[in-house]
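The block underneath contains the structure these notes are about, expressed in structure tokens.
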Amino acid sequence: MLTIRSLLVVAMAAGLWAQVGPQPLPRLVQKDGRYALFVDGAPYVMLGAQVNNSSGWPAMLPKVWPAMEALHANTVEIPVYWEQLEPQPGEFDYTVVDTLLSQAREHRLRLVLLWFGTWKNGSSRYVPLWMKTGPNRYTRMMDAKGRLVDSPSPFDHATLEADKRAFAALMRHLKEADQQRTVIMVQVENEPGTWGGTMRDYSPAAQKLFEGPVPAEVLEALHKGVVAGQANWSAVFGADADEFFHAWSVARYIQQVAAAGKAEYPLPLYVNVALRDPFNAPPGSWESGGATDDVVPIWKAAAPAIDLLAPDIYSSDSPHYFKFLDLYHRPDNALFVPETGNSAAYARYFFAALGHQTIGFAPFGMDYTGYVNAPLGAPRVNEDLLAQFALNYRLSEPMMRDLARLNFEGKVHAVSEEERTHTQAIDLGPWKAVVAYGLPMFGPGNNPSGNPEPTGRALVAQLDDNRFLVAGFFCRVDFQVSDTASGKQREYLRVEEGTYQNGVFEPVRIWNGDQTDWGLNFTSSPVVLRVSLGTY
Ligand code: DGJ
375 MLTIRSLLVV AMAAGLWAQV GPQPLPRLVQ KDGRYALFVD GAPYVMLGAQ
425 VNNSSGWPAM LPKVWPAMEA LHANTVEIPV YWEQLEPQPG EFDYTVVDTL
475 LSQAREHRLR LVLLWFGTWK NGSSRYVPLW MKTGPNRYTR MMDAKGRLVD
525 SPSPFDHATL EADKRAFAAL MRHLKEADQQ RTVIMVQVEN EPGTWGGTMR
575 DYSPAAQKLF EGPVPAEVLE ALHKGVVAGQ ANWSAVFGAD ADEFFHAWSV
625 ARYIQQVAAA GKAEYPLPLY VNVALRDPFN APPGSWESGG ATDDVVPIWK
675 AAAPAIDLLA PDIYSSDSPH YFKFLDLYHR PDNALFVPET GNSAAYARYF
725 FAALGHQTIG FAPFGMDYTG YVNAPLGAPR VNEDLLAQFA LNYRLSEPMM
775 RDLARLNFEG KVHAVSEEER THTQAIDLGP WKAVVAYGLP MFGPGNNPSG
825 NPEPTGRALV AQLDDNRFLV AGFFCRVDFQ VSDTASGKQR EYLRVEEGTY
875 QNGVFEPVRI WNGDQTDWGL NFTSSPVVLR VSLGTY
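In the working numbering, the protein residues as written are 375 to 910.
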């Protein structure tokens, strides 16, 4: 048994697994209130990165793969452009998708494809040319004064039907062309909704529905004690009516696109979200209609074919970051961070995301095509920048399957440094792990000052009652007995530094003396420790 298992582990790690026939479909699994993305039949963490918007073309790929290699990513998120896929109505060109598949396989990477369809950042930039001009022109939304808004109407039946047909064609093609399951998830549209302060569509078709009764599933989702069929949106939701109606309208449209695709090939599907400031959101300051935190239940009710709603996090301060992770890590929603800023300040948040049981993480704009989206992200994308993020993935890549399994079992605790607080405590029942930032390696840890920039991160994974995997960067981790009244003291029985070889922890040395007397210090080296604790 052992031999067969080790052979399988080696085969999977070497990528040979992908060559032996159809693999189980990637799927999102929920158990005991936790989620995992299963890839090749086992929990998987996407150590991801997203390329720039115009980097999904074959000519650009030579500038993509080296960046992925530098990052030690295992998954790359790349757009599929409707304007490229369907150059003429009903004629599909799969050459670009096929190139993505074959080159991703050559580079031993998994793909998350991003369907740039009806919506891209609230507008319709990626609909085919034949839908931008001529008789098949798509319909834009109308504002309250009857003016056209640069955002597609979710009530444009012809565009919906065209998007359904194109997305279904893409998924059908993947079903045929991807027995290896190189593609593990698909994003449906990109940051759908409407920018610019128009909260909903005021076209006659929209207006009629807005004045009609709120659908029963929305009332139920928001626990409104209103009898279905009795009250309209304004009566039920007051000042929120416009936004809630738009969320329902956009979600209902995307549900139909997603369902058409899923009927062809049931990969996990998600929608990404341009977020609303959870601490200060004056009306009109966010993209109405998207799955912002206030309308997640509406999206869940209206779009059951969407497996998860995923926050694009571009706030680098820790109160916002942690809040966004909390808001999208819900019993009814698996956390996935499909986009985050690529400046160095964001690198540490891979750990906080893991601590919120994320199924993946992907800084945005990670390629060498020369485009930078500063001030949203880094002013330069070069090896030095990628190295900040590569720390995370170099550490996690060899232990990814263990990390994913332990996280699915609720055993991974991970934190990222805050700006103003320089210690964090991780509650492990009888043990407490204290993470401190900005301490020297030698000497007591009374007054940590924080790192010059908040770059620290730490991870503690429980193996059994008194044994833990511990890893981190730019921090010190120390264990204490939780019950201070017991009079018991912690003793490091054994601290092994190891490497993961094909998913197995291989000790290379034992830490002792200075290396443990003051706690366990982590620098910029990717180090994993297996720590056994006792008391005296
Ligand atoms: C969020 C979008 O989803 C991305 O496609 C991109 O436009 C970034 N914003 C900005 O670079």
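Ideal Cβ positions, reconstructed from N, Cα and C, are used throughout, including at glycine.
All values reported here derive from a predicted model rather than from experimental measurement.
Identify, in the order they occur along the chain, each residue of the same chain with its Cβ nearer than 6 Å to the Cβ of residue i, setting aside the five sequence neighbours on each side.
{"i": "serine 717", "result": "Gly751, Ala752"}
{"i": "alanine 613", "result": "none"}
{"i": "proline 453", "result": "Gly430, Leu488, Phe490"}
{"i": "alanine 621", "result": "Gly663, Val669, Ile672"}
{"i": "proline 528", "result": "Ser623, Val624, Tyr627"}
{"i": "arginine 379", "result": "Its pLDDT being 45, under 50, arginine 379 is placed unreliably in this model, and the coordinates cannot settle the point."}
{"i": "alanine 478", "result": "Leu485, Thr556"}
{"i": "asparagine 747", "result": "Gly739"}
Skipping 5 residues on each side, what residues in its chain have a beta carbon closer than 8 Å to that of residue i?
{"i": "leucine 381", "result": "Its pLDDT being 45, under 50, leucine 381 is placed unreliably in this model, and the coordinates cannot settle the point."}
{"i": "leucine 760", "result": "Ala441, Ala444, Leu445, Met740"}
{"i": "glutamine 604", "result": "Pro587"}
{"i": "alanine 595", "result": "Pro671, Ile672, Lys674, Ala675"}
{"i": "tyrosine 520", "result": "Correcting the residue identity first, residue 520 is glycine in this sequence and not tyrosine. So the list reads Tyr576, once near-sequence residues are dropped."}
{"i": "asparagine 510", "result": "Pro463, Trp504, Ala532, Ala536"}
{"i": "tyrosine 639", "result": "Met545, Arg546, Leu548, Lys549"}
{"i": "phenylalanine 725", "result": "Asn766, Ala788, Val789, Ser790, Arg831, Ala832, Leu833, Gly846"}
Relative to the alpha-carbon of residue i, which residue among the options has its alpha-carbon at the smallest distance?
{"i": "glycine 893", "options": "His620, Val834, Val809", "result": "Val809"}
{"i": "serine 898", "options": "His620, Gly846, Pro685, Met740", "result": "Gly846"}
{"i": "proline 526", "options": "Ala543, Asp537, Ser498, Gly508", "result": "Ser498"}
{"i": "glutamate 870", "options": "Asp857, Ala648, Val844", "result": "Val844"}
{"i": "valine 786", "options": "Val711, Gly830, Ile733, Val631", "result": "Ile733"}
{"i": "leucine 534", "options": "Gln553, Val501, Lys519, Leu548", "result": "Val501"}
{"i": "valine 902", "options": "Phe653, Met774, Pro436, Ser823", "result": "Met774"}
{"i": "serine 412", "options": "Arg779, Gly908, Glu563", "result": "For the record, residue 412 in the displayed sequence is phenylalanine; it is not serine. Among Arg779, Gly908, Glu563, the Cα nearest to that of phenylalanine 412 is on Arg779."}
{"i": "leucine 474", "options": "Phe619, Gln561, Arg650, Val557", "result": "Val557"}
{"i": "aspartate 686", "options": "Ala679, Glu792, Ala807, Arg650", "result": "Arg650"}
{"i": "glycine 508", "options": "Leu548, Ala518, Pro463", "result": "Pro463"}
{"i": "proline 900", "options": "Ser692, Phe763, Asn825", "result": "Phe763"}
{"i": "alanine 416", "options": "Gln404, His547, Pro461", "result": "Gln404"}
{"i": "asparagine 448", "options": "Tyr455, Glu480, Ala551", "result": "Glu480"}
{"i": "aspartate 838", "options": "Leu777, Asp467, Leu435, Ser906", "result": "Ser906"}
{"i": "alanine 433", "options": "Val471, Met516, Asn646", "result": "Val471"}
{"i": "phenylalanine 618", "options": "Gly599, Ala602, Val601, Phe584", "result": "Phe584"}
{"i": "glutamate 827", "options": "Met573, Glu792, Asp517", "result": "Glu792"}
{"i": "glycine 784", "options": "Trp607, Arg482, Gln836", "result": "Gln836"}
{"i": "phenylalanine 848", "options": "Arg904, Gln553, Ala633, Asn895", "result": "Asn895"}
Taking DSSP as the reference, what is the three-state secondary structure of residue i?
{"i": "phenylalanine 541", "result": "helix"}
{"i": "asparagine 886", "result": "coil"}
{"i": "phenylalanine 848", "result": "coil"}
{"i": "leucine 548", "result": "helix"}
{"i": "glutamine 458", "result": "helix"}
{"i": "threonine 795", "result": "coil"}
{"i": "tryptophan 335", "result": "Because the chain here runs from 375 to 910, residue 335 falls outside it and cannot be looked at."}
{"i": "valine 419", "result": "coil"}
{"i": "lysine 697", "result": "helix"}
{"i": "alanine 676", "result": "helix"}
{"i": "asparagine 781", "result": "helix"}
{"i": "valine 398", "result": "The sequence as given places proline at residue 398; valine does not occur at that position. In this structure, proline 398 counts as coil in the three-state DSSP scheme."}
{"i": "asparagine 495", "result": "coil"}
Cα separation between residue i and residue j?
{"i": "glycine 803", "j": "alanine 675", "result": "37 Å"}
{"i": "valine 588", "j": "glutamine 581", "result": "13 Å"}
{"i": "methionine 505", "j": "leucine 641", "result": "28 Å"}
{"i": "valine 670", "j": "glycine 664", "result": "9 Å"}
{"i": "alanine 648", "j": "alanine 832", "result": "28 Å"}
{"i": "alanine 677", "j": "alanine 736", "result": "24 Å"}
{"i": "serine 623", "j": "threonine 873", "result": "51 Å"}
{"i": "asparagine 886", "j": "valine 855", "result": "19 Å"}
{"i": "threonine 513", "j": "aspartate 575", "result": "11 Å"}
{"i": "proline 712", "j": "alanine 615", "result": "29 Å"}
{"i": "asparagine 781", "j": "lysine 494", "result": "32 Å"}
{"i": "serine 692", "j": "phenylalanine 698", "result": "10 Å"}
{"i": "alanine 637", "j": "arginine 401", "result": "15 Å"}
{"i": "tyrosine 910", "j": "aspartate 891", "result": "15 Å"}
{"i": "phenylalanine 466", "j": "lysine 538", "result": "13 Å"}
{"i": "leucine 867", "j": "arginine 704", "result": "37 Å"}
Excluding five sequence neighbours on each side, which residues of the same chain lie with their C-beta closer than 7 Å to the C-beta of residue i?
{"i": "proline 822", "result": "His796, Thr797, Ala810, Tyr811, Gly812, Leu813"}
{"i": "tyrosine 720", "result": "Ser690, Thr714, Pro737"}
{"i": "glutamate 757", "result": "Ala444"}
{"i": "aspartate 706", "result": "Lys674"}
{"i": "phenylalanine 710", "result": "Tyr644, Leu682, Ala684, Thr732, Ile733, Gly734"}
{"i": "asparagine 426", "result": "Gly739, Asp741, Thr743, Tyr745"}
Any beta carbon of chain D sitting closer than 8 Å to that of residue i?
{"i": "threonine 897", "result": "No chain D appears in the structure shown, which is made up of a single protein chain."}
Report yes if the C-beta of residue i is less than 7 Å from at least one heavy atom of the ligand ZN; otherwise report no.
{"i": "asparagine 564", "result": "Looking for the ligand ZN in the displayed structure turns up nothing; the ligands present are the ligand DGJ."}
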